[in-house]
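K.L.:
Below you'll find the structure I mean.
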Amino acid sequence: LLSSEINPERIDYIQAHGTGTKIGDVLETQAIKEIFGQHAYRVKVSAIKSMLGHLMGASGAVELCASLICLSAGMVPPTINYEHRDPHCDLDYVPNMVRKAKVDYFMSNCFGFGGKNGVLILRNLKS
144 LLSSEINPER IDYIQAHGTG TKIGDVLETQ AIKEIFGQHA YRVKVSAIKS MLGHLMGASG
204 AVELCASLIC LSAGMVPPTI NYEHRDPHCD LDYVPNMVRK AKVDYFMSNC FGFGGKNGVL
264 ILRNLKS
């Protein structure tokens, strides 16, 4: 995010790595809070893996494509099967239902298992 020279407040959506593990999700939430401060509570965050499962080395590319399709249609993909809120994971995870939203900038997180990129920042060229 720092090397993108984009103010963190301009990020409207975060495609989380979101593996659904207690440790991983808590650590990713803490990192989002550390980077975004109070804006972390306004930005929409969701986990494509909740719908597709973990595709290992291919997960970053597939999740990015899924997010781009949703965002081009003016929607933020949900985190499905979201049933019990962890008190340590207290952000807006777009639970269970797609949400209409205008997204100008989004961040895609891809960590571990040979992910090709750690974090990508993308801009909606229609904006």
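Following our numbering, the numbering of the sequence shown begins with 144 at its first residue and continues without gaps. Note that beta-carbon positions come from the ideal geometry of N, C-alpha and C, so glycine has one too.
Is the segment 205-222 touching the segment 171-179 in the sense that three or more CB pairs, one from each, lie closer than 8 Å?
P.N.:
No contact exists between the segment 171-179 and the segment 205-222.
K.L.:
Once DSSP output is grouped into helix, strand and coil, what is the label at R266?
P.N.:
Sequence index remark: in the sequence shown, residue 266 carries index 123 (1-based). Reduced to three states, the DSSP call for R266 is strand.
K.L.:
Threshold first: 4 residues or longer. Then list the alpha helix (DSSP H) segments lying entirely within the segment 159-237, N to C.
P.N.:
Listed in chain order, they are 165-179, 192-195, 202-215.
K.L.:
Can you name, in chain order, every residue of its own chain whose Cβ lies under 6 Å from the Cβ of F254, other than the five neighbours on each side?
P.N.:
As a working mapping, residue 254 is identified with position 111 in the sequence shown. Result list for F254: H160, in chain order.
K.L.:
Is it buried or exposed, G180, if we count other Cβ atoms within 10 angstroms and call 16 or more buried?
P.N.:
Counted from its first residue, the sequence shown places residue 180 at position 37. With fewer than 16 other Cβ atoms within 10 Å, it is exposed.
K.L.:
Check whether the Cβ atoms of Y156 and F249 sit closer than 7 Å, and answer yes or no.
P.N.:
The sequence position of residue 156 within the sequence shown is 13, counting from 1. The sequence position of residue 249 within the sequence shown is 106, counting from 1. For Y156 and F249, yes; Cβs fall inside 7 Å.
K.L.:
Assuming the contact rule is C-beta atoms closer than 8 Å, T162 and K192 should be a hit. Round their C-beta distance to whole Å, please.
P.N.:
In the sequence shown, counting from the first residue as 1, residue 162 sits at position 19. In the sequence shown, counting from the first residue as 1, residue 192 sits at position 49. At roughly 6 Å, the Cβ-Cβ gap stays under 8 Å, so T162 and K192 are in contact.
K.L.:
Can L207 and S251 be called in contact, C-beta distance under 7 Å?
P.N.:
Mapped onto the sequence shown, residue 207 falls at position 64. Mapped onto the sequence shown, residue 251 falls at position 108. In this structure, S251 lies closer than 7 Å to L207 by Cβ.
K.L.:
Whole-angstrom Cβ separation of K187 and D235, contact assumed at under 8 Å?
P.N.:
As a position in the sequence shown, residue 187 is number 44, starting the count at 1. As a position in the sequence shown, residue 235 is number 92, starting the count at 1. About 5 Å; that satisfies the 8 Å criterion.
K.L.:
Less than 8 Å between the CB atoms is what I'm expecting for S189 and V237, so what's the real figure, rounded?
P.N.:
Along the sequence shown, one-based indexing puts residue 189 at 46. Along the sequence shown, one-based indexing puts residue 237 at 94. Correct: roughly 4 Å between the Cβ atoms.
K.L.:
Of the choices L268, L144, L263, R228, whose alpha-carbon is the least far from that of A204?
P.N.:
For the purposes of this step, residue 204 is identified with residue 61 of the sequence shown, where counting begins at 1. Looking at the Cα atoms, L263 is the closest of the given residues.
K.L.:
Just reading off the beta strand (DSSP E) that N252 is part of, what are its end residues?
P.N.:
Within the sequence shown, numbered from 1, the residue matching residue 252 stands at position 109. Where N252 is concerned, the enclosing beta strand (DSSP E) stretches over 248-252.
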